[in-house]
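Before any comments, here is the structure.
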Amino acid sequence: MKKYQQTLKQYRITQGNCLDNAVIENFFGLLKSELLYLQEFESMAHFEQELQNYIHYYNHKRMKAKLKDLSPVEYRTQVLEVA
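The sequence shown begins at 1 in full-length UniProt numbering and counts up one residue at a time.
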């Protein structure tokens, strides 16, 4: 474990914790079920374009119940306006 931590430090990488992992694991789970498993890609360029489209959809259009049925961008904008 020490060698791993030394390598992270050498490359100026901050080690996260399990709470960080939960958020990204959730995102990748959604990405796989909502994008990867639903279509086949003709090329890497096609995949990259669809990935960009999905990320835009995820941030700007996909409503989330825990964000009061707003998209992440709408929710953050609303919170900033109140603050």
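Where a beta carbon is used, it is the ideal one built from N, C-alpha and C, also for glycine.
Inset, instruction - On the DSSP bridge assignment, give the partners of K64 in chain order. - result: L70
Inset, instruction - Go through its chain and collect everything with a Cβ distance to L36's Cβ below 7 Å, but skip five positions before and after it. - result: none
Inset, instruction - Specify whether the region 61-72 and the region 43-50 touch according to this definition: at least 3 beta carbon pairs, one from each stretch, less than 8 Å apart. - result: no
Legend entry - Cβ neighbours of T14 in the same chain (closer than 7 Å, five flanking residues each side left out): none
Inset, instruction - Taking only the alpha-carbon atoms, compute the straight-line gap between A22 and S43 and give it to the nearest angstrom. - result: 30 Å
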